[in-house]
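In what follows, a single structure is set out as structure tokens and then discussed.
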Amino acid sequence: MESVIGVVARFAMYALFQFFLYWPGWLVLKIVTLGRYPVSPMRREAWYEFELVAAVGMLALVGIGMAIAALA
């Protein structure tokens with residue numbers, strides 16, 4: 001039973017990190033690099049590029065959350 005819960009939890013974290021954080025990171029990187037990076041998600045060359053964009057998305061969302069908390 002623990003292995004099933006572990007698989008479900010790992011899939012949920014993968015979906016959160018890979019799908020929901022990719023697009024905010026994509027938007028931030030497009031603005032910062034003036035449209036040069038990242039390339040289209042359909043033509044990505046390596047998995048680490050996708051991970052990097054998702055990590056930037058996570059940092060952007062955390063930063064926005066901290067800014068909102070500081071203003072409140």
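Under the UniProt record's numbering, the sequence shown has 42 at position 42, and the numbering climbs by one with no breaks.
Ideal Cβ positions, reconstructed from N, Cα and C, are used throughout, including at glycine.
Every value quoted in this text rests on a predicted model; they were computed, and no experiment measured them.
Residue closest to residue i, alpha-carbon to alpha-carbon, out of the options
i: residue 25; options: 64, 63, 58; result: 58
i: residue 22; options: 11, 68, 51; result: 51
Range covered by the alpha helix (DSSP H) that runs through residue i
i: residue 38; result: Unbroken run through residue 38: none, as it is neither H nor E.
i: residue 19; result: Note, residue 19: premise wrong, no alpha helix (DSSP H); not H, not E.
CB-CB length for residue i against residue j, believed under 8 Å
i: residue 54; j: residue 18; result: 6 Å
i: residue 28; j: residue 62; result: Contact doesn't hold; Cβ gap of about 12 Å is too wide.
(Q) If contact is defined by three or more beta carbon pairs under 8 Å, each pair taking one atom from either stretch, is the segment 4-19 in contact with the segment 31-40? (A) no
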